[in-house]
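A.B. asks:
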Amino acid sequence: MGRLSGKRALVTAAGQGIGKASALALAQEGAKVFATDINEEALAGVSHPNIETFMLDARDDASVKAAVERAAPDVLFNCAGFVHHGSVLDATDDEWDFAFDLNVRSMFRTMRAALPGMLERGGGSIINMSSACSSIIGAPNRFIYGTTKAAVIGMTKSVAVEYITKGIRCNCICPGTVESPSWHDRVKALGEELGSYDAALKQFVSRQPMGRVATAEEIAALVVYLAGDESGFTTGQPHVIDGGWSG
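First residue of the sequence shown: 15, per the numbering used here; consecutive thereafter.
1. When burial is assigned at 16 or more other CB atoms within 10 Å of the CB, is G20 buried or exposed?
2. Taking the CB atoms as reference points, tell me whether V254 and A146 lie closer together than 8 Å.
3. So, at 7 Å on beta carbons, what are the nonlocal neighbours of M15 in its own chain, with the 5 sequence-adjacent residues on each side left out?
4. Quick check on DSSP: helix, strand or coil for K46?
5. When you compare only the Cα positions, how much space is there between P189 and D256?
6. Below 8 Å, how does it come out for the stretch 52 to 66 and the stretch 117 to 125: are there three or more Cβ pairs, yes or no?
7. Following the continuous alpha helix (DSSP H) through G131, name the residue where it begins and the one where it ends.
8. Taking the beta strand (DSSP E) that G138 belongs to, which residues open and close that run?
9. Taking the alpha-carbon positions, what's the L57 to T26 distance?
10. What separation, rounded to the nearest whole angstrom, lies between the Cα atoms of Q222 and A213?
11. Given a threshold of 16 other Cβ atoms within 10 Å of its Cβ, counted over all protein chains shown, does P252 qualify as buried or as exposed?
12. I187 lies in the beta strand (DSSP E); which residues open and close that run?
13. Given a cut-off of 8 Å on the beta-carbon distance, is the pair N53 and N92 in contact?
14. May I ask which residues mark the beginning and end of the beta strand (DSSP E) holding S67?
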């Protein structure tokens, strides 16, 4: 019997990185996990007896509604998101609209769909993926991303205070740089600008006081904690896990 036995968890963007590591960690602790991703092929590598996988488009209301009806989650982990590169002068309207739709509105969709069931069952834990790059700390060339992640913190606090007496908790996780396939893609893109992958990698790592980036499993451990009853007195908090970057 794991710490999360009897709980049902819905995870978005579970095909790789933090989402995948978290889906596996939740399952290993006994939760029934519904691991979803817009890229159904990526879910082939998310395998555990407690995991059921299916496609979910977090930008589509009907897809979100169907997923929540199928999962009936006690735990909702909103992990879907995208990182745009550039300053305010580089940002386009299309990039702004896409980022807010995926990074913020998708969480609004899933929470709006999941909360009625949580209220009916008398409890639940919502975990939103924010970032240390948000209202906590600014980062170069992360204008759109940091703005959306600041919005996630505000949204999390609002939901937490609304349902604090209803047995429902809402927290967000604010990582620093985390090793993942999408991060490696960003390093490669920066490497093309700088003329060297190694130079780009050095730039990313240099802002981490520990001299390394986080592993997805380190973030997943915090997801497990926030999903479980042992974090029952914790709500409305941005949980910074950034290796001292914002310290």
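Glycine residues also receive a C-beta, built at the ideal position from the N, C-alpha and C atoms. Owing to the predicted nature of the structure, the values given are computational and were not obtained by experimental measurement.
C.D. replies: Checking against the coordinates, here is how it stands:
1. Against the sequence shown, residue 20 aligns to sequence position 6. Exposed, since its Cβ has fewer than 16 Cβ neighbours within 10 Å.
2. Taking the first residue of the sequence shown as position 1, residue 254 is located at position 240. Taking the first residue of the sequence shown as position 1, residue 146 is located at position 132. In contact: V254 and A146 (Cβ atoms closer than 8 Å).
3. For the purposes of this step, residue 15 is identified with residue 1 of the sequence shown, where counting begins at 1. Closer than 7 Å at the Cβ level, and outside the excluded window around M15, lie G44.
4. Locating residue 46 in the sequence shown gives position 32, where the first residue counts as 1. Correct three-state label for K46: strand.
5. The sequence position of residue 189 within the sequence shown is 175, counting from 1. The sequence position of residue 256 within the sequence shown is 242, counting from 1. Each residue's alpha carbon lies about 5 Å from the other.
6. no
7. For the purposes of this step, residue 131 is taken as residue 117 along the sequence shown, with counting starting at 1. G131 -> alpha helix (DSSP H) spans 120 to 135.
8. Residue numbering aside, residue 138 sits at position 124 when the sequence shown is read from its first letter. From DSSP, the beta strand (DSSP E) with G138 extends over 138 to 143.
9. Here residue 57 refers to the residue found at position 43 of the sequence shown. Here residue 26 refers to the residue found at position 12 of the sequence shown. C-alpha separation (whole angstroms): 11 Å.
10. Locating residue 222 in the sequence shown gives position 208, where the first residue counts as 1. Locating residue 213 in the sequence shown gives position 199, where the first residue counts as 1. Roughly 15 Å between the two C-alpha positions.
11. On the sequence shown, residue 252 is found 238 positions in, with the first residue counted as 1. Buried: at least 16 other Cβ atoms inside 10 Å.
12. Counting from 1 along the sequence shown, the entry for residue 187 is found at position 173. First-last of the beta strand (DSSP E) with I187: 182 to 189.
13. Locating residue 53 in the sequence shown gives position 39, counting from the first residue. Locating residue 92 in the sequence shown gives position 78, counting from the first residue. No.
14. Along the sequence shown, read from residue 1 onward, the residue named residue 67 stands at position 53. Sequence inspection shows Thr at residue 67; the Ser mentioned does not correspond to that position. Looking at the DSSP string, the run of the beta strand (DSSP E) that includes T67 is 65 to 69.
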